[in-house]
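Below is one structure; the comments refer to it alone.
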Amino acid sequence: MVLVSNATHIDEHRYHYAGGAGEMSGESRSPNAELGLLDATMIGAGIFVLTGLAAEIAGPAAILVFALNGIVTTFTGLSYAELAASIPKSGGGYAFVREIFDDLASFVMGWMLWFAYMIAGGLYALGFAPNFLELLHVYGVVPPPGQVGAVALPVVDAGIPLAFLLAFVAVLALVALNAVSTAASGSAETVFTIIKVSILVVFVGFGLASPMFSGAEFQPLFPAGGGAFAILPAMGLTFIAFEGYDLITTVTEEVQNPRENIPKAIFVSLGATVVVYLAVVTVAIGTLGSGGLAEAGEAGIAAAATSFMPTGLPVIRNGGALIVFGAVFSTLTALNAVVIASSRVAFSMGREGQLLPSVGQLHHRYGTPFVAILASAVVMLGSVALPTQSAGNMASLFFLLSFIIVNVAVIRLRRERPDMYRPYEMPLYPLPPLIGVVLNLVLTVVLVEFLIRTDPLALGLSAGWIALGGVAYVVLRRLRGRTGRTASAGTEPGSDTEMSPEVDD
């Protein structure tokens, strides 16, 4: 997953202080539209982190898990494409829902999406750590990731697991970087995406040609314990691997001709993601087997690569190191993307009066949403203490919930604004959003039931965040009432001026 352009650095001239408590109000000027179609296209990093965990639950049927998730997410992708073309505003799903629904619904959407991005950050950091240790292991620097010990703490007689420390430092470093500086340019991010896809193509090519690859690894397809039904909880866990396309819409106003390029970028990203993921999972299972992948956990793809890639090569010596480097590289860029995305959602909510005003302000020196980044960092840093599967379950749960709202939003917009200008209209309406609601709801129910049985920690933390959101909504609403502050974007969902910001078409 790659978030493009200078997404962390928000144009200082776009907002001005309105006095009082330091509130900001928007000017008509939009961010510079410098990104093309390729710049807005992204491939996720979930395949590196979640393949082993999916194989642990579903066995060889993990390939069906990713295929079916690709189908499920396509329906929501159609809704995102239509909304992005109709409401070309940065902010992603939260921005769409804020324009269409009342204050409560948009707060719920923002609160869930913010949490999903923050927990996703913890997930990618937890995926980065074992893959980085695997890279060091390839060159004999450390033992296998599962055998790496803890780092002793001074004074107290205790230690911190090295993997946890690496994950924590990775989050801390990227939070600090984004808090004080701009992100990479769109062209650089395009190169990052090409590098990741190229590495995965190399993995697939060598894997299919390897004598280790065997169709026997897919027999029996379903695990003995859960049978075919085992794919459902695995789908819930790995759903986050397909959420990268929604990040495209967080930078809509920075994309050239967004009404045309954003829908195209969504479909290119979805199509490429499904094809690449299925090829990678096929090779990983066919070479290492579902048991080997499950044992390797978050480093499943890396472990598969080191088992069949050639050795004795110049410079890199072990060809598997190239794939492991791809896993490290992808998880770091994905982590950076959600650091940006989480802070953007929080910043937007603060600017709309749905979080504290300070969260919606820019740093006077750095021009970044400093407080929003730090607020997001608190949850993200805490989430690296979670088991990887719990982080994946929680992130997927909140993305599923937010995607249900997005599908409902496109239905409401069609009903209330039938004559609105829609450069892209999904085919066969209203079937896609209705199917999207049903499928996302089914996966949500399945995932919650799975959490009740196997992951009460993730379920409890998820319920706690929802309860905290209820308290925050009531408190912030009362504070706004006392100060006379009103949300700027929630005037009239049917307003033409609100629905059609000025952009370059």
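Using the numbering used here, read the sequence shown as starting at 2 and increasing by one per residue. Ideal Cβ placement from N, Cα and C applies to all residues, glycine included. Predicted model, so just to flag it, every value in this text is computed and none were measured.
When DSSP labels each residue in this structure, what does D12 get in the three-state scheme? If you number the sequence shown from 1, residue 12 lands on position 11. Low confidence applies here, because D12 scores a pLDDT of 37, under 50, leaving its location unreliable; read the following figure in that light. Of the three classes helix, strand and coil, the one that applies to D12 here is coil, per DSSP.
Is the separation between the beta-carbon of S384 and that of A392 shorter than 8 Å? Along the sequence shown, read from residue 1 onward, the residue named residue 384 stands at position 383. Along the sequence shown, read from residue 1 onward, the residue named residue 392 stands at position 391. Here S384 is near A392, since their CB atoms are less than 8 Å apart.
Nearest to L222 by alpha carbon, out of V66, V439, F400, R423? Counting from one through the sequence shown, the residue named residue 222 turns up at place 221. Per the Cα distances, V66.
Quick one: residues in its chain with C-beta nearer than 7 Å to the C-beta of F133, no 5 flanking neighbours on either side, listed in chain order? As a first step, residue 133 is located in the sequence shown; it is residue number 132 there, counting from the start. Excluding the 5 residues flanking it on each side, F133 has same chain C-beta neighbours closer than 7 Å at L167, V329, in chain order.
Taking the beta carbon of D103 as the centre, do at least 16 other beta carbons fall within 10 Å, making it buried, or is it exposed? Locating residue 103 in the sequence shown gives position 102, counting from the first residue. The residue in question, D103, is exposed, as its Cβ has fewer than 16 Cβ neighbours within 10 Å.
Taking a contact to mean a Cβ-Cβ separation below 8 Å, would you say A304 touches A297 in this structure? Taking the sequence shown and counting its residues from 1, one reaches residue 304 at position 303. Taking the sequence shown and counting its residues from 1, one reaches residue 297 at position 296. It is a contact, given that the beta carbons lie within the stated cut-off.
Sort L79, A242, L336 by Cα distance to V170 and report the nearest one. The residue given as residue 170 occupies position 169 in the sequence shown. Sorting L79, A242, L336 by C-alpha distance to the C-alpha of V170 places L336 at the top.
Under 8 Å by Cβ, that's how I've got I241 and A121 pegged, so tell me the actual separation to the nearest angstrom. Counting from one through the sequence shown, the residue named residue 241 turns up at place 240. Counting from one through the sequence shown, the residue named residue 121 turns up at place 120. Rounded, the Cβ-Cβ distance is 6 Å, consistent with contact.
Taking the C-alpha atoms as reference points, what is the distance between M395 and T334? Here the question's residue 395 lines up with position 394 in the sequence shown. Here the question's residue 334 lines up with position 333 in the sequence shown. Distance between the alpha carbons of M395 and T334: 21 Å.
Determine, using beta-carbon pairs with one atom in the region 248 to 260 and one in the region 75 to 85, whether at least three such pairs fall under 8 Å. Counting Cβ pairs under 8 Å, three or more are found: they touch.
Find out if the Cβ-Cβ distance for the pair L477, Q355 is shorter than 8 Å. Start at 1 with the first residue of the sequence shown, and residue 477 comes out as number 476. Start at 1 with the first residue of the sequence shown, and residue 355 comes out as number 354. In this structure, Q355 lies closer than 8 Å to L477 by Cβ.
Could you name the residues of the same chain whose beta carbon sits closer than 6 Å to that of A55, not counting the 5 residues immediately before and after it, in chain order? As a first step, residue 55 must be located in the sequence shown, where it is residue number 54. The residues are A63, V66, A235, T239.
Among the candidates L178, M113, F49, whose CA atom is the shortest distance from the CA of Y367? Walking along the sequence shown from the start, residue 367 turns up at place 366. Considering only alpha carbons, the answer is L178.
Whole angstroms is fine: what's the gap from L594's alpha carbon to A459's? Outside the shown range of the chain, which is 2 to 506, sits residue 594, and nothing can be said about it.
Restricting to Cα atoms, I'd like to know which of L480, N408, T455 is closest to V101. By one-based count along the sequence shown, residue 101 stands at place 100. The residue you asked about is not Val; residue 101 is Ile in the sequence shown. Of the candidates L480, N408, T455, the one whose C-alpha sits nearest the C-alpha of I101 is N408.
I think V149 touches A126, with their Cβ atoms under 8 Å apart; what is that distance to the nearest whole Å? Mapped onto the sequence shown, residue 149 falls at position 148. Mapped onto the sequence shown, residue 126 falls at position 125. Actually they are not in contact, since the Cβ atoms of V149 and A126 sit about 16 Å apart, beyond 8 Å.
In the DSSP assignment, the alpha helix (DSSP H) including I232 goes from what residue to what residue? For the purposes of this step, residue 232 is taken as residue 231 along the sequence shown, with counting starting at 1. Per DSSP, I232 is one residue of the alpha helix (DSSP H) stretching across 232 to 239.
When the Cα atoms are used, what is the spatial distance from A225 to L398? As a first step, residue 225 must be located in the sequence shown, where it is residue number 224. As a first step, residue 398 must be located in the sequence shown, where it is residue number 397. Distance between the alpha carbons of A225 and L398 is about 26 Å.
Roughly how many angstroms lie between the CA atoms of E450 and G465, to the nearest whole one? Position 449 of the sequence shown, counted from the first residue, corresponds to residue 450. Position 464 of the sequence shown, counted from the first residue, corresponds to residue 465. C-alpha separation (whole angstroms): 17 Å.
Closer than 6 Å by C-beta to P434: which residues in its own chain qualify, once you throw out the five before and the five after it? Chain order, please. Locating residue 434 in the sequence shown gives position 433, where the first residue counts as 1. Excluding residues within five positions, the ones whose Cβ falls inside 6 Å are S80, N408, V411, I412.
Terminal residues of the continuous beta strand (DSSP E) containing I88? In the sequence shown, residue 88 corresponds to position 87, counting from 1. Premise fails: I88 is in no beta strand (DSSP E) and is neither H nor E.
Contact set for P145: own chain, Cβ-Cβ below 7 Å, skip 5 residues either direction: What you label residue 145 is simply residue 144 of the sequence shown in a count that begins at 1. So the qualifying residues of the chain are H138.
Measure the alpha-carbon distance for V50 versus A322 and round it to whole angstroms. If you number the sequence shown from 1, residue 50 lands on position 49. If you number the sequence shown from 1, residue 322 lands on position 321. Cα-Cα distance, rounded: 16 Å.
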